[in-house]
Amino acid sequence: MPTYKAPLRDMRFLINEVFDFESHYKTLPNGEEATPDMVEAILGELAKLCENTIGPLYHSGDHESCKLEDGQVTTPKGYKEAYQEYVAGGWQGLSHPAEYGGQGLPMSLGLFKQEMMGTANWPFAMYPGLSLGAMNTIQLHGDEEQKATYLTPLTEGTWAGTMCLTEPQCGTDLGQVKTKAEPQADGSYKITGTKIFISSGDHDLTENIVHIVLARLPDAPKGTKGISLFIVPKYLPGKIGESNGVVCGSLEKKMGIKASATCVMNFDDATGFMIGEENKGLECMFTFMNSARIGTACQGIAHAELAYQGSLPYAKERRSMRALSGKKDPDAVADALIHHGDVRRMLLKQKAIAEGGRAMIYFAAQYADNMISGILEDDKDKYDRWDSELGFLTPILKGFLTEKGLEVANDAMQVFGGHGYIKEHGMEQIVRDARIATLYEGTTGIQGLDLLGRKVLLSSRGKCVRDFSKKLLDFGRKYLTDSDLRPYAWKLLKIAAEWNYLTTRIMLVAAKDRDMVSTASHDFLMYSGYAMMAYFWALQAKVARDKLENGGNEPKEFYQAKLATADFFFERMLPTAKGHAEGALKPTKSTMQLAPEHFSFDYE
Ligand SMILES: Cc1cc2nc3c(=O)[nH]c(=O)nc-3n(C[C@H](O)[C@H](O)[C@H](O)COP(=O)(O)OP(=O)(O)OC[C@H]3O[C@@H](n4cnc5c(N)ncnc54)[C@H](O)[C@@H]3O)c2cc1C
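Under the UniProt record's numbering, think of the first position of the sequence shown as 1, with each following residue one higher.
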């Protein structure tokens, strides 16, 4: 079983040496207290909580899973106590305003927390994670009374939150939402309908649960323009214990994340309160989604990291045959797996995705901090600017990192051979748990459409790719004559040119053939993920090289390992991007020509 160990060295490398969070925090209105000492203390305390309390419940939670009895969901043994420890430590309000009981620190610290907790035990981390979305929505779109009522217990963690979007007939196409909201004389609404797949819909960790619900007013226009957003608490404030007509009808039986309660929620004349304006519910929800999607992107690296923490020691211990280059451990019966090239390939892939993905997320975390600054400084233009920058990164992070996290979790299982398939080693659980990440918070397909259709083509006509790829070009030009960094620089120049070429070609074809956006979207998303990760590996390699020359906080072997992993990524993983580029440019015909009735001649 992998036992979670916080990767503090890698986190510190990124925080201090690659992204210089100390300088970044000095630019933020809420960054004053985030001094290096404070950040170090937070990371250290979080590591203890995750290693000693949350992580050890990962496998037992999977084995036991959640139970529903008499309309009440109970979480696995130990979850309640661990959650209480989390609340007592004030962790839920780490990045939320002090006026509601939070610590008011920058959002990036919340993302570091999400990463650590999620890697230690993703299903556990989902309970507080969902609450964060509810808190952000109320903070941004709630009125003063709603903020005063809900934000303090949510920030303290004594109440939890959910997001209730999905219904049996729709998850992606929320224009089909049917849940009804009937206005009442006192300004509240009666909410009636069924939501499915609701994470943390019910549980025994908090005294109340605040549901954020999409529903439709009686005369609302059809489709997405007729959806409003409501707060529907499990218990109305001041009436804890008295049902508000919201119950968990059943728990979904599912492949993984078994300790996370996925609920069918029945709303039967439940009292709710509108957030934001009538029929603008989806717009409010979108702010909610950007932060939620970065949180889910963390799931990709969480599983990559934990899988690596399981497969690396196994590859060093398990012995099989002799290395092709000659015996490595002549006194032993055979050499360890780690000496075989194919096993090293699988290990290095995990390392490259976990560390490369972490760099991508930490970079995005600085954008998220800047976006929140816009709110704190009441500067709408600043907020919009950073929200839009983040909006380009979000589908790439969510789509690419969750797909790659799943792929390398599978590689980790493969390192164990048949033993990976057996429950005892805990690797199959990681694969099962990783699978959901590409589905919820918008499937990979939807991330691809969001990226290519909405962000790249419609909103910016390729400008967002031009802007981001400038970073690759700048690196490439600057280090093309640097003997250590030339190989990375040269590849970044090629990738930057190719990324822009792809964008322009797809834009031209899509102007005449609209199906192009959908048929190209997956390959474009994956290409963009590789391109972005290449930049962050080059950046890490540059910093590692500099630290090797001038001295850094870590031993020289750490920096050498960074350079070796960068080499592996550029030589053995990046070529996959080429296939995606080719695929993205192919005409739509081969995908679209087969008539639906001809997909099979043997069955419907
Ligand atoms: C464990 C779990 C937890 C969840 N937690 C929550 C939660 O807390 N709250 C909540 O509201 N929901 C939650 N969900 C629901 C989840 O967000 C949805 O399942 C997801 O958004 C996909 O919706 P769907 O299942 O209806 O699939 P569909 O929308 O039916 O999609 C099916 C397939 O078609 C593709 N597709 C659909 N439309 C298009 C298109 N226009 N172009 C190209 N491809 C398309 C999709 O990419 C997908 O591959 C959860 C789901 C699970 C399984």
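Positions of the beta carbon are idealized from the N, C-alpha and C atoms, including for glycine.
Beta-carbon to beta-carbon, I209 and A261 are separated by about 10 Å, too far to satisfy the 8 Å threshold. For Y440, the shortest C-beta to heavy atom distance toward ligand 1 is below 6 Å.
Residues of the same chain with a CB within less than 8 Å of the CB of R435, apart from the 5 flanking positions on each side, are M255, G256 and L406 in chain order. When the five nearest sequence neighbours on each side are left out, the beta carbons in the same chain lying within less than 8 Å of the beta carbon of Q146 are those of I138, I231, F273 and I275, in order along the chain. Not one heavy atom of ligand 1 is found less than 6 Å from the C-beta of G448. Residue range Y189 to S199 is occupied by the beta strand (DSSP E) that includes S199. Non-local beta-carbon contacts of G295 in its own chain, meaning distances under 6 Å to residues more than five positions away in sequence, involve Q114 and G129 in chain order. Annotated as proximal: N266 and T194, with beta-carbon spacing under 7 Å. Judged by pairs of C-beta atoms under 8 Å, the stretch 392 to 411 touches the stretch 360 to 374, as three or more such pairs exist. Around the Cβ of S200, a 10 Å sphere holds 16 or more other Cβ atoms; the residue is buried.
Within 6 Å of the C-beta of S199 there is at least one heavy atom belonging to ligand 1. If you look at N208, you'll find it in the beta strand (DSSP E) that goes N208 to A215.
Pairing I372 with M107, the inter-Cα distance amounts to about 8 Å. Using a 10 angstroms sphere on the CB of M321, the tally of other CB atoms stays under 16, which defines it as exposed.
DSSP places L492 in the helix class (H, G or I) of the three-state scheme.
A check of alpha carbon separations from S528 across A489, E571 and T576 identifies T576 as the nearest.
Of the residues assessed, S131 falls on the buried side of the cut-off, its CB having 16 or more other CB atoms within 10 angstroms. Here the distance from the Cβ of M116 to the nearest heavy atom of ligand 1 is not below 6 Å. Taking C-beta separations shorter than 8 Å and ignoring five residues to either side along the sequence, the partners of R486 in its chain run Y479 and L480, following chain order. In the structure shown, the three-state DSSP call for C164 is strand. In this structure C284 is not in contact with I198, their Cβ atoms being roughly 18 Å apart against a cut-off of 8 Å. Judged by pairs of C-beta atoms under 8 Å, the stretch 445 to 453 does not touch the stretch 411 to 423, as fewer than three such pairs exist. Using a Cβ-Cβ distance cut-off of 8 Å, the stretch 452 to 472 and the stretch 487 to 503 are in contact, since at least three pairs of beta carbons, one from each stretch, lie closer than that value. R293 counts as buried, since at least 16 other C-beta atoms from the protein chains shown sit within 10 angstroms of its C-beta. Here A302 is not near G61, since their CB atoms are 7 Å or more apart. The Cβ atoms of A307 and I422 lie no closer than 7 Å to each other. For T443, the shortest separation between its Cβ and any heavy atom of ligand 1 lies below 6 Å.
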